[in-house]
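Student: Dropping a structure here in structure tokens format, bear with me for questions.
2 protein chains.
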Amino acid sequence: MDLVAGVLAGERLALARLITQVENDMPEGREALNRLFSHTGKAHLIGVTGSPGTGKSSLVNLIAKAYRTPADGRPPCKVAVVAVDPSSPFTGGALLGDRVRMRDLAGDPGVFVRSMASRGALGGLSHSTAAVVQVLDAAGFDKILIETVGAGQSEVDIARLAHTTLVVEAPGLGDDIQAIKAGILEIADILVINKADRPGVENTERALRSNLELAHPERMHIGSCGRGGKANQPKAGMPEALDGQVWVPPVLRTIATQASGVAELMAAIECHLAYLKATGEWQTREHERLQTELTQLLQAVLVARWREGVSDAELRDVVTRLQERELSPLKAVEQLLDLDAVPESY
Amino acid sequence: MDLVAGVLAGERLALARLITQVENDMPEGREALNRLFSHTGKAHLIGVTGSPGTGKSSLVNLIAKAYRTPADGRPPCKVAVVAVDPSSPFTGGALLGDRVRMRDLAGDPGVFVRSMASRGALGGLSHSTAAVVQVLDAAGFDKILIETVGAGQSEVDIARLAHTTLVVEAPGLGDDIQAIKAGILEIADILVINKADRPGVENTERALRSNLELAHPERMHIGSCGRGGKANQPKAGMPEALDGQVWVPPVLRTIATQASGVAELMAAIECHLAYLKATGEWQTREHERLQTELTQLLQAVLVARWREGVSDAELRDVVTRLQERELSPLKAVEQLLDLDAVPESY
């Protein structure tokens, strides 16, 4: 069976098989990505990141269902969910999560769920996530939800893949957790306080807003001065955050288990999409993303091409000389590449 | 002033200045690293990683003090602390932490503390941490403690720098936190349950041991069968974990605020060092680390050399053609590098 043709024809088994090849960076997977590339670039990629305990999986579930049964009579979107859990390779937690999810979404041919829990080299997981998302994009999914645990740099990189990034918080996870999230607010397009019926929700909202102010002083200025305290709460269908073409990250409250706050959340996501399209930001992000992808591929190919001309023995010998401090790494590179001096711009 | 000479002569101001140059990847910093390289490779690098709330900063403080005032009459070690906090670039938490730390260690010329809170590109922080550690190594610090928050891939990479890695837990941080740490156990040489006077310490220890068993079944087999349940608790000065040359990660309890459990912890760290030296593992890790460093530098230089021959306009044009799906990334690389086909091994 030609998996690429199968994926383009909407066959789920072909899709699942090809994703496995791509995830494992197999030669067939690489070739398929190359052939599928011209079909990509259409999906709206939505990142959902948050600490464990914020209920972000339930929220992702809810968003997927909302896209399948739109309230306003529009046709349902095809939805894919990619759940990335880099930190539990042993527990099988990610797989269990899938099963729980599938109970709600099972049997719906317009929904596809995939977990990624493999660990690779530095950047390995964000690289394979990007590749899997490309396959789903080519397969015609309109909305691709990328769920990450959201604490380290690799999760931030995965979130950067997305057009629209939701950062999920919950009351009562402690100040420590709040503090660790400060860096992640930088990438938030929409902030969601889930489990908003819990005590302490006002404190969480206050902490989020003040961290947000530190992260984006210029944005909050517009949010709070330009249109008053409620300005950064978008109303359904109204892209009012577009004033001056600056996006003000709204802070929303949800209770995923009771499906409370969903309409506002869906409106905010679609409002952000409208903002991206209206301002040209969609194109800018796409350009940056493709440039990064190109550079990474170039790097890999340049190293592979160089490596073909060097024997294992020669390389091992150089490392031994490094270990004995006869050579510095810079001198070693000059010698291996036969350069008088390395370019200053490296 | 020649900063390199100053650092080698033990001048603290030169050290602080050079670290700033190295951290910011300035040309002077790169040149200094090259000159300092022959003086590196002597320090014992100790990684300390754990979630916020485990009290790992207090523990690092305590370890530093213990190395400054050894109980057994040996001469004190020179100690450097590198505190890496990638996730709070805005709060200034890292700087505040330094001040709290300095209250205890202030005025001791044998201790040097440095915080790193900058965010860079993917791998940027682990790259600059490695460089700063090299400077401290060349400056003659015997023990370099590298403290990380420990959740994502970049923290794991930073921890991989170390010869000896401590993973710190605490009771009562919730099952979610336990779960997220599973991946990090893979890199643990020593497990520390701090705040061991808190309720739930038995549960934490049980959870850690069972996760550890999943991570290292072969190690735990030796630990539990070969020498009974208490086998993986090293006694002071006795490297009894060396049986069969397999390291059994011990699980230790401490209460950092009361300096409780410190003697056992220090013994375990030194025991691990003895294990590394006795088994040749020290050399193996050093070889791997230098090989990774060499490969990364090669990659950067190869890209820089290629980039010198390409105009900004040409590169922008290629990305635009990618964006319009006229080219795939693989075809773009073939075109930019003037190859018939990319090497299969990329």
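Sequences listed follow chains B and L, in order. Note that the first sequence covers residues 151 to 496 in my numbering. Note that the second sequence covers residues 151 to 496 in my numbering. Ideal placement from N, C-alpha and C gives every residue a C-beta, glycine not left out.
#1: Please report how far the alpha carbon of B:Q449 lies from the alpha carbon of L:D307, in whole angstroms.
#2: Have a look at B:V412 and L:L477 and give me their C-alpha separation to the nearest angstrom.
#3: Is it buried or exposed for L:S399, if we count other Cβ within 10 angstroms and need 16 for buried?
#4: Grouping DSSP H, G and I as helix and E and B as strand, with all else coil, what is B:L168?
#5: Just to confirm before moving on: does the CB-CB distance between L:R185 and L:V210 stay below 8 Å?
#6: Of all Cβ atoms in chain B, is any one closer than 8 Å to the Cβ of L:Q449?
#7: Listing by chain order, which chain B residues have their CB less than 9 Å from the CB of L:V492?
#8: Let's see if you can read the secondary structure: which residues bound the beta strand (DSSP E) around B:M416?
#9: Buried or exposed: which applies to L:A164, given that a residue is buried once 16 or more other Cβ atoms fall within 10 Å of its Cβ?
#10: Can a CB atom of chain B be found closer than 8 Å to the CB of L:S188?
#11: Are there three or more Cβ pairs, one per stretch, closer than 8 Å when the stretch 279-293 of chain B is compared with the stretch 185-194 of chain B?
#12: In three-state DSSP terms, what is L:F262?
#13: For B:L286, which residues in the same chain have their Cβ closer than 6 Å to its Cβ, ignoring the five residues on either side in sequence?
#14: Could you name the residues of the same chain whose beta carbon sits closer than 7 Å to that of L:L212, not counting the 5 residues immediately before and after it, in chain order?
#15: If you reduce the DSSP assignment to three classes, tell me which class L:A409 lands in.
#16: Three or more beta-carbon pairs under 8 Å between the stretch 310-322 of chain B and the stretch 215-227 of chain B, yes or no?
#17: Rounded to whole angstroms, how far is the Cβ of B:V172 from the Cβ of L:V483, which I believe are closer than 8 Å?
#18: Does L:A482 come within less than 8 Å of chain B when only Cβ atoms are used?
#19: With a threshold of 16 other CB atoms inside 10 Å of the CB of L:G200, please say whether the residue is buried or exposed.
#20: Please decide whether B:G103 counts as near chain L, where near means a Cβ-Cβ distance under 8 Å.
#21: Using C-beta distances below 8 Å, list every residue in its chain close to B:R348, excluding the 5 sequence neighbours before and after it, in chain order.
#22: Starting from B:R475, find everything on chain L with Cβ-Cβ shorter than 9 Å and list it in chain order.
#23: Find the nearest neighbour of B:L415 within the set B:A159, B:D175, B:A214 and B:Q284, judged by alpha-carbon distance.
#24: Compute the Euclidean distance between the alpha carbons of B:R545 and B:E431, then round it to the nearest angstrom.
#25: Kindly say whether L:V283, judged by its beta-carbon, lies nearer than 8 Å to any beta-carbon of chain B.
#26: Could you tell me which chain L residues have their CB closer than 8 Å to the CB of B:L165, listed as they occur along the chain?
#27: Tell me the DSSP secondary structure of L:E297 in three-state form.
#28: Can you tell which of L:V468, L:H189 and L:V261 has the C-alpha that lies nearest to the C-alpha of B:T445?
#29: Looking at the structure shown, is L:V317 part of a helix, part of a strand, or coil, going by DSSP?
#30: Establish whether the CB of B:N344 and some CB of chain L are separated by less than 8 Å.
#31: Note down the Cα distance separating B:A417 from B:L358, rounded to an integer number of angstroms.
#32: Would you kindly report the start and end of the unbroken alpha helix (DSSP H) that includes B:A312?
#33: Bridge partners for L:V154 per DSSP, in chain order?
Tutor: For this structure:
#1: Counting from one through the first sequence, the residue named residue 449 of chain B turns up at place 299. Counting from one through the second sequence, the residue named residue 307 of chain L turns up at place 157. Those two C-alpha atoms are separated by around 20 Å.
#2: Position 262 of the first sequence holds residue 412 of chain B. Position 327 of the second sequence holds residue 477 of chain L. Taking the straight line from one Cα to the other gives about 40 Å.
#3: In the second sequence, counting from the first residue as 1, residue 399 of chain L sits at position 249. Checking the sequence shown, residue 399 of chain L turns out to be Pro, not Ser. By the 10 Å Cβ count, L:P399 comes out buried.
#4: Locating residue 168 of chain B in the first sequence gives position 18, counting from the first residue. Correct three-state label for B:L168: helix.
#5: On the second sequence, position 35 is the one that residue 185 of chain L refers to. On the second sequence, position 60 is the one that residue 210 of chain L refers to. Taking 8 Å as the Cβ cut-off, L:R185 and L:V210 do not qualify as a contacting pair.
#6: Taking the second sequence and counting its residues from 1, the one referred to as residue 449 of chain L is at position 299. By this cut-off, L:Q449 is an interface position.
#7: By 1-based counting over the second sequence, the position of residue 492 of chain L is 342. Near L:V492 (Cβ distances below 9 Å), the residues of chain B are L447, A450, V451, A454 and R455.
#8: Start at 1 with the first residue of the first sequence, and residue 416 of chain B comes out as number 266. Looking at the DSSP string, B:M416 is not in any beta strand (DSSP E); the run it does join, the alpha helix (DSSP H), is V412 to T429.
#9: Position 14 of the second sequence, counted from the first residue, corresponds to residue 164 of chain L. When all chains shown are included, L:A164 counts as buried.
#10: For this step, residue 188 of chain L is matched to residue 38 along the second sequence. Taking Cβ atoms only, chain B reaches closer than 8 Å to L:S188, which makes this a yes.
#11: yes
#12: The count along the second sequence starts at 1 and reaches residue 262 of chain L at position 112. Residue state, collapsed to three classes: strand.
#13: Against the first sequence, residue 286 of chain B aligns to sequence position 136. Closer than 6 Å at the Cβ level, and outside the excluded window around B:L286, lie A230 and I294.
#14: Numbered from 1 along the second sequence, position 62 holds the residue referred to as residue 212 of chain L. Excluding positions up to five away in sequence, the list reads A406, A409 and V412.
#15: Looking up residue 409 of chain L in the second sequence gives position 259. Note: L:A409 maps to coil in three-state DSSP.
#16: no
#17: As a working mapping, residue 172 of chain B is identified with position 22 in the first sequence. As a working mapping, residue 483 of chain L is identified with position 333 in the second sequence. Wrong, their Cβ atoms sit about 18 Å apart, outside the cutoff.
#18: As a first step, residue 482 of chain L is located in the second sequence; it is residue number 332 there, counting from the start. At least one chain B Cβ lies under 8 Å of L:A482.
#19: The residue given as residue 200 of chain L occupies position 50 in the second sequence. Its Cβ being crowded by 16 or more others within 10 Å, L:G200 is buried.
#20: Since the displayed chain B opens at 151 and closes at 496, residue 103 of chain B lies outside it and no answer follows.
#21: As a working note, residue 348 of chain B is residue 198 in the first sequence. Contacts found: A320, P321 and G322.
#22: Reading the first sequence from its first residue, position 325 is the one you call residue 475 of chain B. Residues of chain L passing the Cβ test: F187, S188, H189, T190 and G191.
#23: One-based indexing of the first sequence puts residue 415 of chain B at position 265. Answer by Cα proximity: B:A214.
#24: Because chain B in this structure spans residues 151 to 496, residue 545 of chain B falls outside the shown range and cannot be described.
#25: Residue 283 of chain L sits at position 133 when you count from the first residue of the second sequence. No, L:V283 lies away from the interface with chain B (no Cβ there is under 8 Å from its Cβ).
#26: For the purposes of this step, residue 165 of chain B is taken as the residue at position 15 of the first sequence. Per Cβ cutoff of 8 Å: no residues; B:L165 is ~19 Å from chain L at best.
#27: Translated into the one-based positions of the second sequence, residue 297 of chain L becomes position 147. In this structure, L:E297 counts as strand in the three-state DSSP scheme.
#28: Here residue 445 of chain B is taken as the residue at index 295 of the first sequence, counted from 1. For B:T445, the nearest C-alpha among the options comes from L:V468.
#29: Along the second sequence, one-based indexing puts residue 317 of chain L at 167. If DSSP states are grouped into helix, strand and coil, L:V317 belongs with the strands.
#30: Working through the first sequence from its first residue, we reach residue 344 of chain B at position 194. With 8 Å as the cut-off, B:N344 does not count as an interface residue toward chain L.
#31: Start at 1 with the first residue of the first sequence, and residue 417 of chain B comes out as number 267. Start at 1 with the first residue of the first sequence, and residue 358 of chain B comes out as number 208. So the alpha carbons of these two residues sit roughly 21 Å apart.
#32: By 1-based counting over the first sequence, the position of residue 312 of chain B is 162. Segment: none, B:A312 is in no alpha helix (DSSP H) and carries neither H nor E.
#33: The count along the second sequence starts at 1 and reaches residue 154 of chain L at position 4. Answer is none; L:V154 lacks a bridge partner.
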